[in-house]
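Residue numbers (this note's numbering): 23 to 469.
Set out below in structure tokens:
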């Protein structure tokens with residue numbers, strides 16, 4: 023059987039590969055047709071129910087204060103917080119995250135995650151930093167949600183890729199949710215203010231009248247623009263669908279559920295993005311992204327919010343304001359998915375663009391700087407093996423003790439959950455096939 027290597031494409035080719043590809047053409051199958059067949063068979067049968075919720079903590083959340091505490095390290099490293107036991111023997115989390123401690127059997131912690139030291143969520147969404155050579159604009163690697171949209175498509179009127187963040191993703195270099203060469207139709211639906219309002223029909227336009235307008239539009243539209251027709255058809259389908267409106271409407275949730283996620287406890291209201299995400303995957307969305315900043319109340323906490331998790335200054339006071347809200351929302355999402363029988367169908371990943379400097383002291387004496395050598399990630403659901411710690415850092419939390427994991431490894435694992443073959447290729451703007459991941463491999467301890 024002919025096999026194509028799952029590795030980055032090279033401009034060179036061996037004589038054996040050249041002869042093999044030539045034989046394909048003689049047999050009636052050209053190379054472009056082979057790439058097309060590969061893309062068409064990219065999704066594992068039966069994987070259509072699987073979804074991913076990706077929670078991104080903009081700014082660089084502190085691994086050593088949340089999921090990789092070092093209580094035996096010198097005081098200038100271990101900081102102010104102490105670890106607490108969880109319901110998994112040997113696993114500990116920060117004392118400000120008691121809800122995590124109660125459900126630790128439902129998630130896994132990855133330690134020793136190596137990233138870049140820049141504020142670049144693009145690396146988490148695509149596997150390649152935005153500032154990497156050529157990885158910008160139409161040359162950029164598509165975000166995982168755009169790839170899922172391209173390969174799995176929509177679930178009826180339900181869009182495949184949604185960003186529910188009430189706060190925009192931090193994009194210092196480029197649009198981190200860029201669909202790039204896959205086309206704008208694979209951009210996420212972004213649920214901020216105006217987008218939510220546009221899910222309703224204009225006043226006085228009922229379903230019947232909307233249908234008449236669709237027929238009129240079809241009669242008037244003679245432009246040979248298939249992409250625009252795709253946009254229009256999808257928009258009209260969403261506006262006319264009660265299922266779409268219901269998926270986005272968290273007012274349908276009971277007060278008890280809303281409080282479980284943190285309503286009334288979280289002054290920022292960020293917790294409700296997690297509830298929206300649960301409703302969306304329940305309705306059939308394949309990938310939901312959340313930029314979870316959890317802004318703090320300056321008066322209550324006594325310090326200004328850094329705009330995310332970038333705690334160069336007053337690290338511990340900022341985390342005292344953020345972590346209780348964060349703890350409640352994340353634990354509620356994971357538990358709620360399990361309670362609703364979605365624990366095996368929906369994977370949750372929570373991560374940040376890097377960790378924080380283990381040695382305390384930066385802009386202020388109690389701040390922590392950027393630290394890309396040893397971040398953490400939390401993964402739950404999706405049929406993954408949870409209740410474990412994967413990876414280990416040294417005694418100061420500065421470096422991985424063995425091979426560090428990378429964002430590409432996490433993305434490869436998420437593609438596995440979604441049933442997408444890593445050997446899949448998609449053509450770029452020049453018609454050249456590109457693999458979804460260059461160097462990453464799935465984390466076998468999770469699957």
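Backbone N, C-alpha and C fix where the C-beta goes; we use that ideal spot for every residue, glycine too.
N- and C-terminal bounds of the alpha helix (DSSP H) containing residue i
i: residue 80; result: Premise fails: residue 80 is in no alpha helix (DSSP H) and is neither H nor E.
i: residue 99; result: 97–100
i: residue 435; result: 429–439
i: residue 299; result: 293–305
i: residue 268; result: 264–270
i: residue 323; result: 320–323
Through-space distance from residue j to residue i, alpha-carbon basis
i: residue 112; j: residue 410; result: 9 angstroms
i: residue 337; j: residue 180; result: 40 angstroms
i: residue 451; j: residue 206; result: 13 angstroms
i: residue 465; j: residue 434; result: 8 angstroms
i: residue 378; j: residue 453; result: 41 angstroms
i: residue 57; j: residue 439; result: Note that residue 57 scores a pLDDT of 45, beneath 50, so its modelled location is shaky; the value from the coordinates is reported in the next line. Distance between the alpha carbons of residue 57 and residue 439 is about 23 angstroms.
i: residue 366; j: residue 441; result: 13 angstroms
i: residue 327; j: residue 142; result: 20 angstroms
i: residue 135; j: residue 278; result: 36 angstroms
i: residue 391; j: residue 334; result: 5 angstroms
i: residue 342; j: residue 288; result: 13 angstroms
i: residue 347; j: residue 187; result: 16 angstroms
i: residue 195; j: residue 145; result: Confidence at residue 195 is low in this model, with a pLDDT of 47, below 50, so its placement is unreliable and the value that follows should be read with caution. Between residue 195 and residue 145, the C-alpha separation is close to 11 angstroms.
i: residue 198; j: residue 290; result: 24 angstroms
i: residue 299; j: residue 185; result: 9 angstroms
i: residue 467; j: residue 321; result: 44 angstroms
i: residue 183; j: residue 212; result: 9 angstroms
i: residue 126; j: residue 65; result: 31 angstroms
i: residue 382; j: residue 281; result: 35 angstroms
i: residue 446; j: residue 163; result: 14 angstroms
i: residue 210; j: residue 170; result: 11 angstroms
i: residue 361; j: residue 275; result: 15 angstroms
i: residue 168; j: residue 387; result: 42 angstroms
i: residue 384; j: residue 285; result: 34 angstroms
i: residue 59; j: residue 415; result: Because residue 59 carries a pLDDT of 47, less than 50, the predicted location of this residue cannot be relied on, and the following value inherits that uncertainty. The alpha-carbon atoms of residue 59 and residue 415 are separated by roughly 43 angstroms.
C-beta contact flag for residue i and residue j at 8 angstroms
i: residue 436; j: residue 74; result: yes
i: residue 459; j: residue 444; result: yes
i: residue 359; j: residue 330; result: no
i: residue 138; j: residue 151; result: yes
i: residue 140; j: residue 165; result: no
i: residue 172; j: residue 204; result: yes
i: residue 272; j: residue 302; result: no
i: residue 405; j: residue 133; result: no
i: residue 408; j: residue 130; result: yes
i: residue 90; j: residue 103; result: no
i: residue 350; j: residue 318; result: no
i: residue 123; j: residue 417; result: no
i: residue 430; j: residue 462; result: yes
i: residue 315; j: residue 292; result: yes
Bounding residues of the beta strand (DSSP E) (the contiguous stretch that carries residue i)
i: residue 283; result: Unbroken run through residue 283 is the alpha helix (DSSP H), 277–283; no beta strand (DSSP E).
i: residue 418; result: Premise fails: residue 418 is in no beta strand (DSSP E) and is neither H nor E.
i: residue 107; result: 105–107
i: residue 313; result: 309–313
i: residue 449; result: 447–449
i: residue 426; result: Careful: residue 426 lies outside any beta strand (DSSP E) and carries neither H nor E.
i: residue 469; result: Residue 469 -> no beta strand (DSSP E), and no H or E assigned at all.
i: residue 65; result: Residue 65 -> no beta strand (DSSP E), and no H or E assigned at all.
i: residue 185; result: 183–185
i: residue 457; result: 455–457
i: residue 412; result: 410–412
Near the ligand ADP: residue i beta-carbon under 7 angstroms from a heavy atom
i: residue 67; result: Summarising the ligand content, the structure contains no ligands, and the ligand ADP is consequently not present.
Those runs of the alpha helix (DSSP H) which lie wholly inside the stretch 334–398 and span at least 4 residues: With a minimum length of 4 residues, the unbroken runs of alpha helix (DSSP H) contained wholly in the stretch 334–398 fall at 337–361.
In chain order, each beta strand (DSSP E) run of at least 3 residues that lies wholly inside the stretch 110–168: Listed in chain order, the complete beta strand (DSSP E) runs (minimum 3 residues) inside the stretch 110–168 are 114–116, 129–135.
Stretch pair the stretch 75–82 + the stretch 372–385: three plus CB contacts closer than 8 angstroms: Segments in contact, yes.
The stretch 388–400 contacting the stretch 82–98, beta-carbon criterion three pairs below 8 angstroms: Touching, per the Cβ criterion.
Inter-stretch contact at 8 angstroms, needing at least 3 Cβ pairs: the stretch 102–122 / the stretch 303–319: The answer is no - the stretch 303–319 does not touch the stretch 102–122, with fewer than three Cβ pairs under 8 angstroms.
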